[in-house]
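Trainee:
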Amino acid sequence: MTAIFSRWQRGDQYDWLSGYLAARGISGATRALMAFISASMVLCLFALMAGSDGPAGPAGIAMTWTAVAGGVAATLLWIWRWPTRTQSVVYAVTCNTAVALACLAHPNPLAALIGCIAFATFGAYIAFFHTTAFVLYNFAVAAAVAGYEAVQLAASGHPSLAGVDLWLVLEVNIALPLAIRILVRALAGDLLRADRDPLTGLLNRRAFQHNALGMMLARRGIDAHLVVLVIDLDNFKGLNDNRGHAAGDYALVQVGQALLAAADDQAVVARSGGEEFLVAGTSVKCNAESLATQMCFAISDSTAEVTASIGTACALLDEAPAGEHQALLARLITASDAAMYQAKRLGGNQWYHHDLC
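First residue of the sequence shown: 0, per numbering that gives the first Met the number 0; consecutive thereafter.
1. From Phe-35 to Tyr-351, what does the alpha carbon distance come to, in whole angstroms?
2. If I follow the unbroken alpha helix (DSSP H) through Ser-26, where does it start and stop?
3. Within the continuous beta strand (DSSP E) that includes Thr-311, where are the two ends?
4. From His-209 to Phe-45, what does the alpha carbon distance come to, in whole angstroms?
5. Do the region 321-331 and the region 210-221 meet, that is, are 3 or more Cβ pairs less than 8 angstroms apart?
6. For the alpha helix (DSSP H) holding Ser-271, just list the boundary residues, first then last.
7. Quick one: grab the DSSP three-state call for Gly-280.
8. With a 10 Å radius around its C-beta and 16 neighbouring C-beta atoms as the bar for buried, classify Met-339 as buried or exposed.
9. Return the Cβ separation of Ile-225 and Leu-316 in integer angstroms, given the expectation that the two are a contact with Cβ distance under 8 angstroms.
10. Identify whether Glu-275 lies in helix, strand or coil by the three-state DSSP scheme.
11. Given a cut-off of 8 angstroms on the beta-carbon distance, is the pair Ile-309 and Val-254 in contact?
12. Per DSSP, what are the beta-bridge partners of Tyr-90 in this structure?
13. From what residue to what residue does the alpha helix (DSSP H) around Asp-248 run?
14. Tell me whether the beta-carbon of Pro-176 lies closer than 8 angstroms to the beta-carbon of Asn-137.
15. I'd like to check one pair, Pro-108 with Ser-155: are the Cβ atoms closer than 8 angstroms?
16. Is the separation between the beta-carbon of Cys-102 and that of Val-71 shorter than 8 angstroms?
17. Could you check the C-alpha separation between Asn-241 and Ala-123 for me, to the nearest Å?
18. What three-state label does DSSP hand Leu-358 in the structure shown?
19. Assuming the contact rule is C-beta atoms closer than 8 angstroms, Cys-115 and Ala-141 should be a hit. Round their C-beta distance to whole Å, please.
20. Compare the C-alpha of Gln-12 against each of Ile-181, Gly-346, Ala-139 and Ala-111 and name the closest.
21. DSSP three-state call for Ile-116: helix, strand or coil?
22. Once the 5 residues before and after Val-252 are set aside, which same chain residues still bring their CB inside 6 angstroms of it?
23. From Leu-16 to Ser-51, what does the alpha carbon distance come to, in whole angstroms?
24. Give the straight-line distance between the Cα atoms of Pro-106 and Ala-58, rounded to the nearest whole angstrom.
25. Can you tell me the Cβ-Cβ gap for Ser-282 and Ala-312, rounded? I've got them flagged as a contact below 8 angstroms.
26. Let me check understanding here. Comparing Cα to Cα, which of Glu-148, Asp-263, Asp-233 and Val-168 lies closest to Val-305?
27. How far does the alpha helix (DSSP H) with His-324 in it extend, from its first residue to its last?
28. Have a look at the DSSP bridge pairing and note the partners of Trp-350.
29. Give me the residue from His-129, Cys-285, Arg-30 and Ala-111 with the minimum Cα distance to Ala-149.
30. Work out the CA separation of Arg-219 and Arg-80 for me, nearest whole Å.
31. So for Ala-132, helix, strand or coil by DSSP?
32. Hey, how far is the Cα of Ile-332 from the Cα of Arg-30?
33. Taking only beta-carbon positions, decide if Leu-167 is within less than 8 angstroms of chain B.
34. Take Ala-303 and list the residues in its own chain whose beta-carbon comes closer than 6 angstroms to its own, dropping the five residues that flank it on each side.
35. Going by C-alpha to C-alpha distance, which of Leu-259, Gly-273 and Gly-280 sits closest to Gln-265?
36. Who are the Cβ neighbours of Ala-153 in its own chain at under 7 angstroms, not counting the five residues just before and after it?
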């Protein structure tokens with residue numbers, strides 16, 4: 000279980016935090032906020048270009064217009080959809096580059112140095128959703144641009160002002176994102192422990208909902224189908240009655256490990272309670288048959304010495320609006336559960352599919 004925690008903490012928290020926001024019904028408000036922030040940056044650039052002390056010369060004007068284009072693209076992304084993880088990274092890099100270009104294009108080094116505070120806004124976003132290394136990248140760019148402008152300001156006869164303003168800019172650009180990063184990681188650790196089944200180390204049912212929603216948001220536009228499996232161990236009560244609860248616990252742990260090994264990296268695997276497990280994944284085509292067969296073999300080949308009945312359901316992911324992902328997931332779980340009971344009625348150790356496509 001410790002290995003699972005370590006792997007989770009080394010990655011970013013984009014999927015689970017996206018799912019958490021979606022489950023709480025605030026992903027729409029978050030999109031609106033991010034679109035507003037990006038658009039406000041664009042409006043600031045237009046205001047600078049309209050004034051008499053804005054960027055001058057072909058190079059400065061071209062750099063500013065490039066920054067405007069980046070800001071417009073960033074705004075349109077958040078208006079269009081909740082971004083995938085890759086789109087989120089591109090968004091952050093684009094905004095980081097746009098701020099750098101806008102600051103370097105301004106002819107007044109004091110104004111440009113103060114403008115470097117804007118790096119902290121996107122540093123905060125990176126700290127919430129991505130890795131510490133990415134936070135440090137944003138800070139490195141901010142420090143380089145701010146350092147250059149501070150040198151220019153000092154050369155113009157204001158070394159003390161340059162030093163003080165540089166320190167303040169660097170302070171806000173490292174303190175704010177790192178404080179957010181530390182807080183998010185601490186809360187994430189607590190949430191992770193609360194969302195894990197203590198026996199198997201898998202997600203519990205509540206965490207399955209959050210992580211599956213995050214996966215759906217992240218994979219929308221990449222994979223067309225969502226597949227959900229409900230897996231119930233056959234004759235588990237007999238195993239407990241005949242060999243004791245220790246044997247039952249051992250079987251649950253082994254099945255959990257087998258499911259994790261058989262699932263791909265994008266899939267969400269959980270123990271929903273008792274001897275029942277949930278798996279959700281996305282794919283270009285509805286691969287419920289191959290996935291269920293793979294899970295059946297993984298369980299029967301494990302040292303758990305049990306078999307399982309598996310119900311599957313599949314639906315088109317792209318046809319569901321982002322606000323209806325939670326309802327779609329619930330519908331698939333219900334359909335998979337009914338299919339699982341049909342597999343049990345057919346004798347167990349097999350799968351049954353309910354197609355919603």
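For each residue, glycine too, the CB sits at the ideal point set by N, CA and C.
Mentor: Inspection of the coordinates gives the following:
1. By 1-based counting over the sequence shown, the position of residue 35 is 36. By 1-based counting over the sequence shown, the position of residue 351 is 352. Approximately 47 angstroms, taken between the alpha carbons.
2. For the purposes of this step, residue 26 is identified with residue 27 of the sequence shown, where counting begins at 1. 26-49 is the extent of the alpha helix (DSSP H) around Ser-26.
3. Here the question's residue 311 lines up with position 312 in the sequence shown. Annotation: the continuous beta strand (DSSP E) that includes Thr-311 extends over 307-315.
4. If you number the sequence shown from 1, residue 209 lands on position 210. If you number the sequence shown from 1, residue 45 lands on position 46. Straight through space, the alpha carbons of Phe-45 and His-209 are spaced by roughly 40 angstroms.
5. With a cut-off of 8 angstroms, the region 210-221 and the region 321-331 count as touching, because enough Cβ pairs lie within range.
6. By one-based count along the sequence shown, residue 271 stands at place 272. First-last for Ser-271: 267-272, but that is the beta strand (DSSP E), not the alpha helix (DSSP H).
7. Within the sequence shown, numbered from 1, the residue matching residue 280 stands at position 281. Gly-280 falls in the strand class under three-state DSSP.
8. Residue numbering aside, residue 339 sits at position 340 when the sequence shown is read from its first letter. When all chains shown are included, Met-339 counts as buried.
9. Within the sequence shown, residue 225 is the residue found at index 226, counting from 1. Within the sequence shown, residue 316 is the residue found at index 317, counting from 1. The displayed chain sequence assigns Leu, not Ile, to residue 225. About 5 angstroms separates the Cβ atoms of Leu-225 and Leu-316, confirming a contact at the 8 angstroms cut-off.
10. Stepping through the sequence shown from its first residue, residue 275 is reached at position 276. Glu-275 falls in the strand class under three-state DSSP.
11. Taking the sequence shown and counting its residues from 1, one reaches residue 309 at position 310. Taking the sequence shown and counting its residues from 1, one reaches residue 254 at position 255. Cβ atoms of Ile-309 and Val-254: not closer than 8 angstroms.
12. To locate residue 90, count along the sequence shown from 1; it is residue 91. Note: Tyr-90 sits in no beta bridge, so no partner.
13. Residue mapping note: residue 248 aligns to position 249 of the sequence shown, counting from 1. Its alpha helix (DSSP H) spans residues 244-261.
14. Mapped onto the sequence shown, residue 176 falls at position 177. Mapped onto the sequence shown, residue 137 falls at position 138. At the C-beta level, Pro-176 and Asn-137 come within 8 angstroms of one another.
15. If you number the sequence shown from 1, residue 155 lands on position 156. If you number the sequence shown from 1, residue 108 lands on position 109. Between Ser-155 and Pro-108, the gap from beta carbon to beta carbon is short of 8 angstroms.
16. Taking the first residue of the sequence shown as 1, we reach residue 102 at position 103. Taking the first residue of the sequence shown as 1, we reach residue 71 at position 72. It is not a contact, given that the beta carbons lie outside the stated cut-off.
17. Residue mapping note: residue 241 aligns to position 242 of the sequence shown, counting from 1. Residue mapping note: residue 123 aligns to position 124 of the sequence shown, counting from 1. Taking the straight line joining both Cα atoms gives about 56 angstroms.
18. Outside the shown range of the chain, which is 0 to 356, sits residue 358, and nothing can be said about it.
19. Working through the sequence shown from its first residue, we reach residue 115 at position 116. Working through the sequence shown from its first residue, we reach residue 141 at position 142. Cys-115 to Ala-141, Cβ: 6 angstroms. Contact.
20. The residue labelled residue 12 in the question sits at position 13 within the sequence shown. Among Ile-181, Gly-346, Ala-139 and Ala-111, the Cα nearest to that of Gln-12 belongs to Ile-181.
21. Numbered from its first residue, the sequence shown carries residue 116 at position 117. Ile-116: coil per DSSP, three-state reduction.
22. Within the sequence shown, residue 252 is the residue found at index 253, counting from 1. Excluding its 5 nearest sequence neighbours in each direction, Val-252 has C-beta neighbours in its own chain below 6 angstroms: Thr-199, listed in chain order.
23. Taking the sequence shown and counting its residues from 1, the one referred to as residue 16 is at position 17. Taking the sequence shown and counting its residues from 1, the one referred to as residue 51 is at position 52. C-alpha separation (whole angstroms): 44 angstroms.
24. Translated into the one-based positions of the sequence shown, residue 106 becomes position 107. Translated into the one-based positions of the sequence shown, residue 58 becomes position 59. In this structure, the alpha-carbon of Pro-106 lies about 11 angstroms from that of Ala-58.
25. Along the sequence shown, one-based indexing puts residue 282 at 283. Along the sequence shown, one-based indexing puts residue 312 at 313. Rounded, the Cβ-Cβ distance is 13 angstroms, inconsistent with contact.
26. In the sequence shown, the residue the question calls residue 305 occupies position 306. Measuring from the Cα of Val-305, the nearest candidate turns out to be Asp-233.
27. Start at 1 with the first residue of the sequence shown, and residue 324 comes out as number 325. His-324 -> alpha helix (DSSP H) spans 324-344.
28. Here residue 350 is taken as the residue at index 351 of the sequence shown, counted from 1. According to DSSP, which records beta bridges pairwise, Trp-350 is partnered with Ile-309.
29. Counting from one through the sequence shown, the residue named residue 149 turns up at place 150. Per the C-alpha coordinates, the member of His-129, Cys-285, Arg-30 and Ala-111 positioned closest to Ala-149 is Ala-111.
30. The residue labelled residue 80 in the question sits at position 81 within the sequence shown. The residue labelled residue 219 in the question sits at position 220 within the sequence shown. Cα to Cα, the separation comes out at about 9 angstroms.
31. If you number the sequence shown from 1, residue 132 lands on position 133. Three-state result, Ala-132: helix.
32. As a position in the sequence shown, residue 332 is number 333, starting the count at 1. As a position in the sequence shown, residue 30 is number 31, starting the count at 1. In a straight line, the C-alpha of Ile-332 is about 27 angstroms away from that of Arg-30.
33. Among the chains in the structure shown there is no chain B, since it carries only a single protein chain.
34. Walking along the sequence shown from the start, residue 303 turns up at place 304. Counting only Cβ-Cβ distances below 6 angstroms, and skipping sequence neighbours, we find Ala-250, Gln-253 and Val-254.
35. The residue labelled residue 265 in the question sits at position 266 within the sequence shown. The residue with the shortest Cα to Cα distance from Gln-265 is Gly-280.
36. Start at 1 with the first residue of the sequence shown, and residue 153 comes out as number 154. Only residues of its own chain outside the window of five on either side were considered, and among them Ala-161 have a CB closer than 7 angstroms to the CB of Ala-153, listed in chain order.
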